[in-house]
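Reading through the structure tokens given below for one structure.
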Amino acid sequence: MEEDISRFLAAGMTAHLAKPVRKVDLLHTLGALFGPDTPHQAPQPACSRPAAGDFASQSVFNWKWISDNFEGDYELWHSMLERFFQETYPALVQALQQAIADGNQEEVALQLHRLKGLVGLFQAPQAFEKVRALEQKARRGESMTLRELEAIQQELAYTREVARRWPELI
354 MEEDISRFLA AGMTAHLAKP VRKVDLLHTL GALFGPDTPH QAPQPACSRP
404 AAGDFASQSV FNWKWISDNF EGDYELWHSM LERFFQETYP ALVQALQQAI
454 ADGNQEEVAL QLHRLKGLVG LFQAPQAFEK VRALEQKARR GESMTLRELE
504 AIQQELAYTR EVARRWPELI
């Protein structure tokens, strides 16, 4: 792992953050890249976990992990999640659609693996397990259907909707 990181840094990568990303590591890296006065370093007010009565919303995310690793900074977590949905997710869906259309199970498995890692980063266990199951299916050489992709997209749309409601939940 250290050899890979050294090789990537030598090739021009500016920094490395291991998953799962923790707020303290993220802020340290941003400070190293942009200086100690970076606005990303400004302290954020801590938020408590969502109310115990909102079980459905709680079960979508691992709120305790998010609270612990983002030090209660749900705004930072949410901004990272939204950036994923705006910038990375559309390309992943497009690549999956193309791989399914081409019948390229290896590419389907690769794109599902990428999606699984990102969903896991945001601590959405239900969505993670659904993507993981499809990745395993693809690795066994079984075809993924567009209907299965649509089901994942619906799960992630619900996940995103719950994430957008986080201020109401705390």
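Oh and the sequence shown: position 126 is 479 in our numbering, straight run, nothing missing. Beta carbons are placed, not taken as given, at the ideal position from N, Cα and C, and that holds for glycine. Computed from a predicted model, the values in this text were never measured in an experiment.
Got a sec? Which residues, its chain only, sit under 7 Å from residue i by beta carbon, not counting five neighbours each side?
i	result
Glu482	none
Ile358	His369
Could you give the C-beta distance for residue i and residue j, rounded to a whole number, given that I count them as a contact under 8 Å?
i	j	result
Trp430	Phe437	Going by Cβ atoms, the distance from Trp430 to Phe437 rounds to 11 Å, so no, they are not a contact pair.
Lys376	Asp426	6 Å
Gly494	Gln458	6 Å
Thinking just about the alpha-carbon of each residue, which of the options is nearest to the one in residue i?
i	options	result
Ala462	Gly473, Leu474, Ala448, Phe475	Ala448
Gly456	Leu499, Ile505, Thr367	Leu499
Ala486	Tyr511, Ser420, Leu465	Leu465
Val446	Ser412, Glu428, Lys469	Lys469
Asn415	Gln479, Glu460, Arg360	Gln479
Thr367	Glu356, Asp378, Thr382	Thr382
Phe475	Ser496, Met433, Glu501	Met433
Glu521	Gly473, Lys417, Arg492, Glu428	Glu428
Ser496	Ala504, Thr441, Ile453, Gly473	Ile453
Leu471	Leu509, Ser412, Gln450, Glu514	Leu509
Is residue i helix, strand or coil by DSSP?
i	result
Pro373	coil
Glu495	coil
Gly470	helix
Phe437	helix
Asn457	coil
Arg518	coil
Could you name the residues of the same chain whose beta carbon sits closer than 6 Å to that of residue i, not counting the 5 residues immediately before and after it, in chain order?
i	result
Leu379	none
Thr512	Val413, Ala477, Ala480
Would you say residue i reaches chain C, if we count a Cβ-Cβ gap shorter than 8 Å as a contact?
i	result
Gly494	Checking the listed chains, one finds no chain C in this structure; it contains a single protein chain.
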